[in-house]
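Engineer: Pasting in a structure now, in structure tokens, and then I'll have a few things to ask.
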Amino acid sequence: MSARVLTAIGLLAGFAYLVWRSIYSFQGASAWLSVPLFVVEVLGFLGAGVLVWALWPMPVSRPLLITDVISPVDTVDAVVRVSHQGLHEVRATLLALRDVDGVDQVLVVDHSGRPEVASLATEFQAVYAATDPYDHNGLRVMAAAVRTAEFLLIDAGDIPTQDIVRRLAGDLADERIAVVQGLGASPSDDSPEHGPNRRHELLFERSALNPALGRRKVAVWLGSGSLVRTDALREVPMVDSSALEAHWLATSALHAAGWRISAPADVPVVAHRTVSDDRVVYRDRVHRARAARKMLVGPYGVLRLGSFDRRQRLAALAWTVRPLSSLRRVVFMMVLCASLLAGALPMTLTSFALLTLWSPYFVYTGIGMSLLSGWTLRPGDRTRWSLHNIGATFTSLRAEPDEHRARRPIVHLPSSQYGASLVFAIVALSVVLVLRGLSDRVTHTLGVLPQSALLAMLTVSLWLLAISLDVLRVLARRVTFRRATRVGAALSATLGERAVSIIDLTSLGAGVLSQTGLEVGERLTLESAVPTETGVTSMQVPVVVRNVRYLNSGEWRIGLEFGELDDATANALAEYCIIEPMWECMGTMPGSSLVEPRPIAVDHFDEPAVGAGRMAMRLVSSLALVGAIASALPAQVEASQARNHRWSGVVQEVADAAGVEGAVVTAVCAADHGIDAKWGTADDVYLPPVSTTTDSAGAYEIDLGGGACWSYVAPPAGFRPADSRDANSVRGIDLGESPLRSRIFVVPTSGSGSVTTAATGAAVGDAIWDDQNGNGVRDDGEPGMPGVSVTLYDAVGSVAATTVTDQDGAFQFGDVVAGDYRVGVSNLPDGFAITTQTRGADHTVDSDADPYTGRSALVALGTDARLHVVDVGLRAATGSPITDRAAVVFPTPLEDQIAEMGQVRSTLSLVVLTLIGILAASLLAGLARPRRLAMA
127 MSARVLTAIG LLAGFAYLVW RSIYSFQGAS AWLSVPLFVV EVLGFLGAGV
177 LVWALWPMPV SRPLLITDVI SPVDTVDAVV RVSHQGLHEV RATLLALRDV
227 DGVDQVLVVD HSGRPEVASL ATEFQAVYAA TDPYDHNGLR VMAAAVRTAE
277 FLLIDAGDIP TQDIVRRLAG DLADERIAVV QGLGASPSDD SPEHGPNRRH
327 ELLFERSALN PALGRRKVAV WLGSGSLVRT DALREVPMVD SSALEAHWLA
377 TSALHAAGWR ISAPADVPVV AHRTVSDDRV VYRDRVHRAR AARKMLVGPY
427 GVLRLGSFDR RQRLAALAWT VRPLSSLRRV VFMMVLCASL LAGALPMTLT
477 SFALLTLWSP YFVYTGIGMS LLSGWTLRPG DRTRWSLHNI GATFTSLRAE
527 PDEHRARRPI VHLPSSQYGA SLVFAIVALS VVLVLRGLSD RVTHTLGVLP
577 QSALLAMLTV SLWLLAISLD VLRVLARRVT FRRATRVGAA LSATLGERAV
627 SIIDLTSLGA GVLSQTGLEV GERLTLESAV PTETGVTSMQ VPVVVRNVRY
677 LNSGEWRIGL EFGELDDATA NALAEYCIIE PMWECMGTMP GSSLVEPRPI
727 AVDHFDEPAV GAGRMAMRLV SSLALVGAIA SALPAQVEAS QARNHRWSGV
777 VQEVADAAGV EGAVVTAVCA ADHGIDAKWG TADDVYLPPV STTTDSAGAY
827 EIDLGGGACW SYVAPPAGFR PADSRDANSV RGIDLGESPL RSRIFVVPTS
877 GSGSVTTAAT GAAVGDAIWD DQNGNGVRDD GEPGMPGVSV TLYDAVGSVA
927 ATTVTDQDGA FQFGDVVAGD YRVGVSNLPD GFAITTQTRG ADHTVDSDAD
977 PYTGRSALVA LGTDARLHVV DVGLRAATGS PITDRAAVVF PTPLEDQIAE
1027 MGQVRSTLSL VVLTLIGILA ASLLAGLARP RRLAMA
């Protein structure tokens, strides 16, 4: 009940969150970032929804005991499909089938066409059938060669239980059932298919998702360990693709034809072989992604054909969520990196939406699905899978590769199954974090992000970086070597003339302890006895010494490779090393239990603990952490360069909301409130005015800094503010709003205040200079300041003209209509502020601009008059320019319009720094060499 309640609450919160997102979160966000992110979130919600539907408990009757079942099947043919498996694995499967009840004939379908496989089939009196080069899955051969109405399908290397036929046959009493897919188990806890947490990556699909779909009779045919109705297989079209793709697409074809597929989940009936070749794992993940895409949009895709019912469509969607999740993850990472580089918000998320909608959705849905799946799908597993399989997913988009072509591994990475894509993703994310940190601390070249949004994106980036590094097994307490699974043993033996003890054993070799060492390459004979359920077999096999290691106990550990084995010895080793451990794992070994299964040794062959690739990954990740620290550390706001806000908006007409081009928007900010702790007074530390001109859509954007800001807007000629009180007035900017966005309305006008209609020819101007001694008067030798923006305003505050000072600091507005005007300056050089106003007796050489707003008083310009008396001096930006510190310069802002200043000590900043510390410590601890031998 708790699982269903939590999941329901999480999904309801997720739906409400997406509704809120669609209405409110796009305001102030960049569409090129917000739209892809919203699509990713919608797809994530839908994926979680269909998974919850699949896992939702259904009422079931009392489970049938095997003694209750009257099997509708007498005997069946068993099909052993052979592809890349070793001969010892083929032998083990054929040997295990001898003890399976209800098996009549064994058919060996061989994709590899090896003569040795044909010899094995003859030895076990099985029918051998080699497939043609174009038959990649063997289904055609199976359908043509089996003699019984049903057949058991087992992949070579997999070991069925002795009662697999009886356990699966009960579901075939329903004549609409085409396939009964048995529950599979994995005997090993470490392989290329296992994650760094030693959990099999396919555990969720095998143990939870497919059985849950099977209860609805819409399971997926997985292949090995299934009981198949022969007539049903013959009805559906066969595809020339890999075995995995063929089974998944046959599932869709069977569903479209009206057949059902069940997947009983009471006990495991087949143990799957441990895959030790990472290239095989990579190809399997490629096939999964390709098959999932075809299940949706292929010839029998549930999104194309109309012959599927609702259950079948939802089942296919649920099954393809994880195989295709890497595509969604890549888009999410691209949006995250683009947002950090562009300094643009992909969405606007308020604290209310974060705490009341998104957080319950994220937490409750994750925990709820974990409970519904029996903790086979744990929090973080979906992210880990999607990152692990980025390369395989994108490879699946290309033409099918040569199955036998070896992939070139990335330099000394754990294994080639990760491909280059995950490495590229880590490097790209790390580079972005480094550039972000450099910009925030040094260059200030990237767009400005609100501090809370920046810290949130840093948290997400570190989370992705940590999981990616964990997948690559470069963090602390993660095995970094290749594994070869051996069965633990304690057998006395003779090696040549030495008495040794066999401590681990496989069908291909053994590990022994000896009091004396040997030379690598030495050839000897190993004699011992192998005890199995069927008896004790004496073995005398030629061996080659492959490795020798001296132990701290004073003994020598010697690795041996077996030479040619006789049939009896090979069968005994297959029983001891493969069949019986798998039966013990499933609890079906006669006289054994799951309490004390046969120990399995995981031997770690030497690879460089600190290879070039691993060191490169650690170095790149460490640089990323430095960049994150640079962005996350609390920083004191500088008076001259603090830029913590991005203010944007639009100037538009009231009548039709059309954007108005050419309006000049100017802003002034205070970096500190001074001794009186009041904003807007003369003792504040003010930053120079900054301005911009609206574009053709009437839009503007200004980077601001400080705790309080004010603005004034000058419409272009022919317009005036819609509210007459806004003419020439200064208004506060609400820095507490997220995002900072304003809408300013203007209306057309035919007049311009006191401007007359006299003939043109008047001019106004003079110079902007460097007031080096700060006395407010231009003295001899004080140079002009080039590149300063100068705006000419008419009496009602509209823009009459704009210009930029030349190399000598001079400026002039010519051909001006007679009237009253004022001059304003903005966008000063870094490190400068406006000097004190009208301090000298000679008005032709003193500074005429207000040191805070940058605007002069009104000056009257007569017809053909040329006034060259409007000068503006700039000084070094050091404190307040006047002594009357209590004077009110700007309107006092409201409390919620003030931004947090000084040291930014947010909880989120501490969280980010804590995450950085943990990840850095884990990277350093990962340099330690793991244990060489582990017993499970």
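Per the numbering used here, residue 127 is the first one in the sequence shown, and the count goes up by one each step. We put the beta carbon where it would ideally sit given N, CA and C, even for glycine.
For His514, which residues from the same chain have a beta carbon less than 6 Å from its beta carbon, with the 5 sequence-adjacent residues on both sides left out?
Structural biologist: Within the same chain, His514 has close Cβ partners Val597.
Engineer: Using DSSP bridges, identify the partner residues of Trp511.
Structural biologist: Bridge partners of Trp511: none, in fact.
Engineer: Using the C-alpha atoms, what's the distance from Ala358 back to Ala376?
Structural biologist: Approximately 10 Å, taken between the alpha carbons.
Engineer: Between Ala700 and the rest of its own chain, which residues show a CB-CB distance below 7 Å, the 5 nearest in sequence each way excluded?
Structural biologist: So the list reads His214, Arg217, Ala218, Leu221, Ser633, once near-sequence residues are dropped.
Engineer: Alpha carbon to alpha carbon, what distance is there between Glu690 and Val626?
Structural biologist: Each residue's Cα considered, the two are about 21 Å apart.
Engineer: In chain order, what residues of the same chain lie with their CB nearer than 7 Å to the CB of Asp932, ignoring the 5 residues before and after it?
Structural biologist: Closer than 7 Å at the Cβ level, and outside the excluded window around Asp932, lie Pro912.
Engineer: Which word fits Trp445, buried or exposed, when buried means at least 16 other C-beta atoms lie within 10 angstroms of its C-beta?
Structural biologist: Buried.
Engineer: By Cβ distance below 6 Å, which residues in the same chain neighbour Val790 in space, the five residues on each side in sequence not counted?
Structural biologist: Ser817, Thr819, Ala840, Thr917, Val925.
Engineer: With a cut-off of 8 Å, do at least 3 Cβ pairs link the region 326-334 to the region 363-381?
Structural biologist: Judged by Cβ distances under 8 Å, the region 326-334 makes no contact with the region 363-381, as fewer than three pairs qualify.
Engineer: What number of angstroms, rounded off, separates the C-alpha of Ala983 from the C-alpha of Ala579?
Structural biologist: Rounded to whole angstroms, Ala983 to Ala579 spans 41 Å at the Cα level.
Engineer: If we ignore side chains and look at the alpha-carbon of each, how far apart do Arg772 and Ile828 end up?
Structural biologist: Approximately 6 Å between the Cα atoms of the pair.
Engineer: Counting only runs of 4+ residues fully inside the region 677-712, write out the alpha helix (DSSP H) ranges in chain order.
Structural biologist: Runs of the alpha helix (DSSP H) inside the region 677-712: 693-700, 706-712.
Engineer: Do Leu233 and Val208 have their CB atoms nearer than 8 Å?
Structural biologist: In this structure, Val208 does not lie closer than 8 Å to Leu233 by Cβ.
Engineer: Locate the alpha helix (DSSP H) running through Ala936, then write down its first and last residues.
Structural biologist: From DSSP, Ala936 is part of no alpha helix (DSSP H) but of the beta strand (DSSP E) over 936-942.
Engineer: Can you tell me the Cβ-Cβ gap for Ser284 and Ser350, rounded? I've got them flagged as a contact below 8 Å.
Structural biologist: The question names Ser, yet the displayed sequence has Asp at residue 284. Indeed, because the Cβ distance is near 5 Å, the residues count as touching under 8 Å.
Engineer: State yes or no: is the C-beta of Asp261 within less than 8 Å of the C-beta of Asp366?
Structural biologist: Yes, the Cβ-Cβ distance between Asp261 and Asp366 is below 8 Å.
Engineer: Using 8 Å as the Cβ pair cut-off and three pairs as the minimum, do the region 167-183 and the region 312-326 touch?
Structural biologist: These segments do not touch.
Engineer: Suppose the cutoff is 6 Å on Cβ atoms and the five residues either side in sequence are ignored; what does the same chain contact list for Gly643 look like?
Structural biologist: So the list reads Val674, Trp682, once near-sequence residues are dropped.
Engineer: Verify whether the separation of the beta carbon atoms of Ser837 and Glu787 is less than 8 Å.
Structural biologist: Not a contact, by the Cβ cut-off of 8 Å.
Engineer: Locate the beta strand (DSSP E) running through Val313, then write down its first and last residues.
Structural biologist: Correcting the residue identity first, residue 313 is Pro in this sequence and not Val. Counting along the chain, Pro313 falls outside any beta strand (DSSP E), and DSSP gives it neither H nor E.
Engineer: Check whether the region 391-402 touches the region 280-296, counting contact only when three or more Cβ pairs, one atom from each stretch, lie closer than 8 Å.
Structural biologist: Flag = yes, the region 391-402 and the region 280-296 touch.
Engineer: Determine the burial state of Thr356: buried for a count of at least 16 other Cβ atoms within 10 Å of its Cβ, exposed for fewer.
Structural biologist: Classification of Thr356: buried, given that the 10 Å Cβ count is 16 or more.
Engineer: State the start and end residues of the unbroken beta strand (DSSP E) segment that holds Ala983.
Structural biologist: First-last for Ala983: undefined, no H or E at that position.
Engineer: Report yes if the C-beta distance between Met459 and Leu163 is below 8 Å; otherwise report no.
Structural biologist: No. Outside cutoff.
Engineer: Using a threshold of 8 Å, state whether the C-beta atoms of Tyr143 and Trp589 are closer than that.
Structural biologist: Result no, Cβ atoms of Tyr143 and Trp589 do not sit closer than 8 Å.
Engineer: Measure the C-alpha to C-alpha separation of Asp230 and Pro505 and round it to an integer number of angstroms.
Structural biologist: Rounded to whole angstroms, Asp230 to Pro505 spans 45 Å at the Cα level.
Engineer: Once you ignore the five residues that flank Leu617 on each side, which residues in its own chain have a CB closer than 6 Å to its CB?
Structural biologist: Here the set comprises Ile628, Ser654.
Engineer: Can you tell me whether DSSP reads Phe845 as helix, strand or coil?
Structural biologist: Strand at Phe845.
Engineer: Quick check on the burial criterion: 16 or more other C-beta atoms within 10 angstroms. Buried or exposed for Tyr150?
Structural biologist: By the neighbour-count rule (16 or more Cβ atoms within 10 Å), Tyr150 is not buried but exposed.
Engineer: Quick one: residues in its chain with C-beta nearer than 8 Å to the C-beta of Leu298, no 5 flanking neighbours on either side, listed in chain order?
Structural biologist: Contacts found: Pro198, Val199, Glu276, Val306, Leu353, Arg355.
Engineer: Do Ile516 and Arg455 come within 8 Å of each other at the CB atom, strictly closer than that value?
Structural biologist: Yes; because the gap between Cβ atoms is below 8 Å, this pair is in contact.
Engineer: Note down, in chain order, each residue of its chain lying with its Cβ closer than 6 Å to the Cβ of Arg360, except the 5 sequence neighbours on either side.
Structural biologist: Same-chain partners within the cutoff: Ala269.
Engineer: I want to see whether chain D comes within less than 8 Å of Ser312, judged by CB atoms only; does it?
Structural biologist: Among the protein chains of the structure shown there is no chain D, as only one such chain exists.
Engineer: Quick one: give me the first and last residue of the beta strand (DSSP E) that Ser388 is part of.
Structural biologist: Unbroken beta strand (DSSP E) run through Ser388: 386-388.
Engineer: Using CA atoms only, rank isn't needed, just tell me which of Ala893, Pro486, Val560, Ala180 is closest to Leu132.
Structural biologist: Per the Cα distances, Pro486.
Engineer: Exposed or buried, Asp258, counting other C-beta atoms within 10 Å across all chains shown (16 or more means buried)?
Structural biologist: Per the 10 Å Cβ criterion, exposed.
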